[in-house]
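Residue numbers (UniProt numbering): 1 to 352.
By construction, the Cβ of each residue, glycine as well, lies at the ideal position given by its N, Cα and C atoms.
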């Protein structure tokens, strides 16, 4: 892979791999090699475990740690309410792989109290980034205060690289999906990687993101565009299929529908998104919203939630709104909010 810069714009070039080549094993092999290298650490390792990507990393790290006979156990962590689909999935994975698992209880009240701290550490007002960062900030705080884990692994980057977001089902062509995947990778510093880096660093933790290793991203981007698209109604199909039959994690988790971190840590009956809308409706008044365009001409907030985040951001970083060029939003679908649960293509996972 070659990254070149022209007039401030970055282009990613990759050497294509033959369409006739079988790629399932190479995808698996490339990741396993990277995870083996990731074990090389003088301090204790931990794993934030909720979604598919994090679960795969946790399972492989546990397997490799046993083979390498590490002198300590690898801990896994999840955060959410009692009936959170992510927490239930994480507990199934932890039981399957035999990790020392920590479930961190999340309440919406605690999340709201943390919003200002989170925005201060993030230095952004992007809606979905702030929402998702609250859970990661609180779980990082727990890890630092309650455990001896210092190096934390997470699954960031996989959704961007392997076309894991639900809206990729609506891509008009394989080429369009591949191009948007590259766009998302270029913008990681504004969104998911910013979230993961700042929320862990705020508590003195070291974060490692195996899916973003340049060797793996270079290989994956070299695969034919058609291979990287969602298939049979399943996003990240190639990645899932690469680990089929290994029994690393339960099949129901391997093929579980994509759930955004901020959505999955609360119940489907009342999500973190819904709670925020209800709470912030009384914090920001209608008069403020009517004048939002004059108050905030750049990235004008369209909702009370967005207005509140911008207000807090301006409190800490006045006049710095240009740091964020645009909000993260899904493509190829009519959407006014980044939450996966608000999209017309969202369907509850019947397995959870």
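Do residue j and residue i have their beta-carbon atoms positioned less than 8 angstroms apart in this structure?
i           : j           : result
residue 137 : residue 76  : no
residue 277 : residue 307 : no
residue 61  : residue 74  : yes
residue 149 : residue 202 : no
residue 329 : residue 321 : no
residue 284 : residue 155 : no
residue 208 : residue 153 : yes
residue 86  : residue 264 : yes
residue 59  : residue 249 : yes
residue 280 : residue 244 : no
residue 31  : residue 313 : no
residue 52  : residue 253 : yes
residue 212 : residue 157 : yes
residue 106 : residue 135 : yes
residue 122 : residue 184 : no
residue 151 : residue 68  : no
Would you kindly report the start and end of the unbroken alpha helix (DSSP H) that includes residue i?
i           : result
residue 68  : 52 to 68
residue 239 : 237 to 242
In terms of alpha-carbon separation, which member of the options lies closest to residue i?
i           : options            : result
residue 327 : 189, 51, 239       : 189
residue 159 : 337, 258, 335      : 258
residue 146 : 224, 103, 118, 114 : 103
residue 273 : 53, 241, 58, 130   : 130
residue 101 : 91, 32, 206        : 91
residue 173 : 224, 217, 216, 206 : 224
residue 109 : 89, 81, 256, 230   : 81
residue 72  : 318, 99, 219, 222  : 99
residue 331 : 171, 86, 115, 87   : 171
residue 111 : 299, 226, 192, 133 : 133
residue 255 : 296, 222, 231      : 231
residue 316 : 323, 251, 119      : 119
residue 144 : 267, 167, 204      : 204
residue 117 : 26, 215, 309       : 309
residue 227 : 213, 214, 242      : 242
residue 222 : 197, 251, 175      : 175
residue 66  : 97, 196, 214, 55   : 97
residue 319 : 197, 333, 206, 295 : 295
residue 271 : 246, 247, 251, 339 : 339
residue 214 : 298, 197, 186      : 186
residue 89  : 267, 210, 196      : 267
residue 324 : 282, 301, 337      : 301
Mind checking which residues open and close the beta strand (DSSP E) that includes residue i?
i          : result
residue 78 : 75 to 80
Give a yes or no on whether the minimum CB-CB distance between residue i and chain C is below 8 angstroms.
i           : result
residue 327 : Of the chains in the structure shown, none is chain C; there is only one protein chain.
### Unbroken stretches of the beta strand (DSSP E), 3 residues or longer, contained in the stretch 97 to 173
100 to 105, 151 to 153
### Message
My parser needs the beta strand (DSSP E) runs of 3 or more residues fully inside the UniProt domain "Asparagine synthetase" (182 to 332); what are they?
### Response
206 to 208
### Task
Could you say if the stretch 122 to 130 and the stretch 176 to 185 meet the contact criterion of at least three C-beta pairs nearer than 8 angstroms?
no
### Query
With contact counted as at least three CB pairs below 8 angstroms, one residue from each stretch, are the stretch 162 to 172 and the stretch 230 to 242 in contact?
yes
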